[in-house]
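S.K.: Sequence order for the protein chains is P and G. Just add 10 to wherever you are in the first sequence, counting from 1, and you've got the working numbering. With the first letter of the second sequence counted as 1, position 149 gets the number 145 in the working numbering; the numbers rise by one all the way through. Encoded as structure tokens, here's the structure I'll be asking about.
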Amino acid sequence: MPADADWARALHTLWLAAADMADVTGMASHVYALVRGLPGVTGVAGTRWTGDRPVYARSLDRGTEPLTLPAQPDPSPAGAARLRALLARTDRAPMLAERDLTGDDDGAFAPERDLLTGSGAKAALECRFLLGDDDWAALSVGLASPSAGDRMLPLQLRQVCEILVALHHRNLVGRSHERLQMEAAFLAEASLQMDESLDIEETLSRVARLAVPAVAEGCVVHLIRPEGRLLPVARAHVAATAQDWLAGIARHDAWLGRTLRAAAGGRQGVVLRGADLDGGPFGPRAGGPGAAVRALSVSPLRARGRALGTLTFLYQRDDDGISDLRFLDDLARRAALAIDTSTAYEQRRLHVAQLQHHLLPPALPAPPGLTLSAAYGVADASLDVGGDFYDAVVSGDRVALFIGDVCGRGAQAAAMTGLARHTLRTLLEDGARPAHALERLNTTLVREGVKRFVTSLVVVLTPDGDGRRMEAASAGHPRPLIRRAAGGVEEVPVSGMLMGVLPAARYTETTARLDPGDRLVLFTDGLSEARDDSGTMFAERLADAVHRCHAPPGDAARALVALAEEFRSAGDDDTAVLVAHIDTVKEGS
Amino acid sequence: MSSVGEHARDVDLGRILVIEDSEEDAEAIERALARTHPSLRLDFVDRGEGVVERLLAAPALPGLILLDLNMPGLGGHTLLRSLRAQPALTAIRVVVFTSSTAPAEVDACYEAGADSYIYKPVNFTLFRTVLKGAVDYWQQSGGQRPPASSGPPSPAA
């Protein structure tokens, strides 16, 4: 018979073991062996219940490992009565009951009675305790006679049960803490994934992939299309072979379609299980992979008051593993925001591209003897219209080219870009010389009281033997380059005051001759000021790049912009390039 | 050495082969599964070389392989293909895990014959949840792949 000190040591050992154990069932061996060793005890039996239904039974007659018996899930009136007695206690503490095993079996102590009489017990002491509202258990010892137990036995049995209750609560708290930790980590990872790309479908595919199997066995995302249809855009299933099945269900199943439409309009998600799944492709009555699906959750994707679609999870795990709706809806809300951001960005980008397009000539003319090419590179991250412009005006055998840049971006810069381009175009169509055209534009800009500077370079080409004579004037614009057919690259030394500042600015012209095969390159500072990682500007490489650019005449501008983009790691500005190639006799024919 | 085309081998669903070159990650897997599936027996190898040969020679096959995709030497993709090229090893479920959710990477793994593709999160609790989800799934389906297509869906809309 263990002395009090021995019992204290035994309880202490139990606590220490509990610190290592993940759940109460892991404690079974320790508890049963300890109780079985108490004086007078012939056997130990335990039961776990949900309401009036037994979940499992355990017993230990000999040895140290208790035997766990499968549950018989039928409701038991005796179980209901035992639970009622337990709930009737105001302190909700473990209760003790003495059981006589010698009379007729009325089933009131089933299944423990059979388990204990097997070990020769004539009497039993039961300790019954609550774990949750209708989650309860009993630990009972068999005795050779009602008085065979030690006087300490009731106290000891009760202490063991109190430890089990405490462990159970500690584990519940631990599990819910772990779940919260998991959910927080998941939301953090999901948010990172949503930032990876502005492509909506790719983003949603990544989120679905991340969620399986962390959240559920399957995931489908549907978006509401402009015509009102719900279309699946992303899906993932833990089993590779089930993915096509899931894709098919997501697209074609009418039951799922109705379920999703109902949920899409709501403000909160729903979890469907059991009979909720009747008539659909999930649940034990469905065929194929859907049979294993026990529950479905559907959360609406909503942003700024608009229903965007649904986030659906398929669960094969039991209810314990299903996250609560608060978490699922939180995830859906974040996904909806990411979708909304991407959509807004995409629309804005489209508008900017359209506006920009209207500020540039639809096509360049093709004057005889010249091949013109132009390219425009839009700053990647920008959502504003840039201020670069260019155009070419042909009148008779005179070809005027111009390029320019309005400082800043946005609607105001766009309006001035339009004004500058059309003013220069009209003046040059009327035969204005380069310097005169710039002076007139400057006067207009100053008179309009604009708050922005404008730079521009105007070049007029006229036939000169087999080549061209070039007259150029600049208003604060980067100097053009000439790539000579004979070799070498020259900068044209032309400069002048930028426009929009001084009302009486005067411009001077610089002349040069272009031979057949020569190329004249006009560009904006987006090209020259592109920077690489080391901070070096493309300007330092520009002459070399122009020299080495062997693209055909019609592709020259695009090739230069591409070279600058390749070089660029910073200096995110729009870039315009206009190239005039003097055809050789062969090219011209 | 077993020959190609030999009839189905004994598969031990209680055993998992972990192919992972990072000692830290292998330790994390061991720690996670010891907690969620204490009765599983784990074997660890730190490289893909020789795995197929050893499996072909083994008396019983593990039910599941956890395969790290990014390993030096014989990479995960190559190993996956050579595993799938062996009819004697078809009963083994292969769960690939990487730190990428890029759609192209996922597709490539499925094409190479992965049964599951799981994302390896940084957070340990999340990692444990993900591993548990994959292992539970394949244990509950008894190592069976679900049929690729199935019973009739409810009438189409």
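Every residue gets a Cβ at the ideal spot worked out from N, C-alpha and C, and that includes glycine.
With 7 Å as the C-beta to C-beta threshold (strictly closer), list the residues of the region 205 to 229 of chain P near chain G in chain order.
M.R.: E212, S215, R216, R219, L220, P223, A224, E227
S.K.: Residues of the region 179 to 201 of chain P with a CB closer than 7 Å to any CB of chain G: list them in chain order, please.
M.R.: E188, Q191, M192, A195, F196, E199
S.K.: Where do the N-terminal and C-terminal ends of the alpha helix (DSSP H) with V222/P fall, by residue?
M.R.: From DSSP, V222/P is part of no alpha helix (DSSP H); its letter is neither H nor E.
S.K.: What is the DSSP secondary structure of R63/P, counted as helix, strand or coil?
M.R.: strand
S.K.: Around the C-beta of I27/G, are 16 or more other C-beta atoms found within 10 angstroms, so that it is buried, or is it exposed?
M.R.: A small correction: the amino acid at residue 27/G is Arg; Ile does not occupy that position in the sequence shown. Exposed: under 16 other Cβ atoms inside 10 Å.
S.K.: What three-state label does DSSP hand T127/P in the structure shown?
M.R.: helix
S.K.: Mind checking if Q82/G is an interface residue toward chain P, Cβ cutoff 9 Å exclusive?
M.R.: no
S.K.: Who are the neighbours of R327/P on chain G, taking C-beta pairs under 8 Å?
M.R.: G129, D132
S.K.: Might you give, ordered along the chain, the residues of its own chain that have their beta carbon closer than 6 Å to the beta carbon of Y325/P, omitting 5 neighbours on each side?
M.R.: Leaving aside the five residues that flank Y325/P on each side, the residues in its chain whose CB is nearer than 6 Å to its CB run, in chain order, A226, R304, A305, I332.
S.K.: Confirm, please, whether the CB-CB distance from A345/P to L311/P is below 9 Å.
M.R.: yes
S.K.: Are L75/G and G44/G close, meaning C-beta to C-beta below 9 Å?
M.R.: yes
S.K.: Under 8 Å by Cβ, that's how I've got R58/P and A107/P pegged, so tell me the actual separation to the nearest angstrom.
M.R.: At roughly 17 Å, the Cβ-Cβ gap does not stay under 8 Å, so R58/P and A107/P are not in contact.
S.K.: Which residues does DSSP list as the beta-bridge partners of I12/G?
M.R.: L38/G, L60/G
S.K.: Quick check on this structure: which residue in L451/P, P83/P, M547/P has the alpha carbon closest to the alpha carbon of A602/P?
M.R.: Past the boundaries of the shown model lies residue 602/P; chain P is included only from 11 to 599, so the question cannot be answered.
S.K.: Taking all protein chains shown into account, decide if E356/P is buried (16 or more other Cβ within 10 angstroms of its Cβ) or exposed.
M.R.: exposed
S.K.: Quick one: residues in its chain with C-beta nearer than 7 Å to the C-beta of G428/P, no 5 flanking neighbours on either side, listed in chain order?
M.R.: L369
S.K.: Which chain P residues sit within Cβ distance under 7 Å of E97/G?
M.R.: Rather than Glu, the amino acid found at residue 97/G in this sequence is Thr. Near T97/G (Cβ distances below 7 Å), the residues of chain P are Q203, R216, R219, L220.
S.K.: Along the chain, where does the beta strand (DSSP E) that runs through V409/P open and close?
M.R.: 408 to 416
S.K.: Alpha carbons only, please: which of F323/P, H247/P, A296/P, P294/P is nearest the one belonging to A273/P?
M.R.: Of F323/P, H247/P, A296/P, P294/P, the residue nearest in Cα terms is F323/P.
S.K.: Which chain P residues are close to T125/G, counting only those with a beta carbon under 7 Å from its beta carbon?
M.R.: M192, A224
S.K.: Do the CB positions of R63/P and P83/P come within less than 9 Å of each other?
M.R.: yes
S.K.: Short check: CB of I259/P to CB of L266/P, under 9 Å?
M.R.: Yes, the pair counts as a contact, with Cβ atoms nearer than the cut-off.
S.K.: Measuring straight from C-alpha to C-alpha, what distance separates L448/P and G396/P?
M.R.: 21 Å
S.K.: One question on the structure: do V470/P and V531/P come within less than 9 Å of each other, judged by their Cβ atoms?
M.R.: Against a cut-off of 9 Å, the Cβ pair of V531/P and V470/P comes out as no contact.
S.K.: Among E49/G, S95/G, G69/G, which one has its Cα closest to the Cα of Q82/G?
M.R.: E49/G
S.K.: Taking the continuous alpha helix (DSSP H) assigned at G129/G, which residues delimit it?
M.R.: 120 to 136
S.K.: Considering just the uninterrupted stretch of the beta strand (DSSP E) at L380/P, what are its terminal residues?
M.R.: 380 to 387
S.K.: For a test of the three-state rule: what should DSSP assign to G300/P, helix, strand or coil?
M.R.: helix
S.K.: How many angstroms separate the CA atom of R578/P from the CA atom of V280/P?
M.R.: 50 Å
S.K.: On the three-state DSSP scale, how would you describe V7/G?
M.R.: strand
S.K.: Which residues share a DSSP beta bridge with E501/P?
M.R.: L491/P
S.K.: Would you tell me roughly how many angstroms separate the C-alpha atoms of P117/G and A120/P, rounded to the nearest one?
M.R.: Those two C-alpha atoms are separated by around 48 Å.
S.K.: Count the C-beta pairs between the region 561 to 575 of chain P and the region 368 to 386 of chain P that are closer than 8 Å, then say yes if the count reaches three, no if not.
M.R.: yes
S.K.: Note the first and the last residue of the continuous alpha helix (DSSP H) segment covering F577/P.
M.R.: 566 to 577
S.K.: Considering only residues of the same chain and omitting the five flanking positions on each side of M204/P, which have a CB-CB separation below 6 Å?
M.R.: T213, A348
S.K.: Per DSSP, what kind of secondary structure is R27/G in: helix, strand or coil?
M.R.: helix
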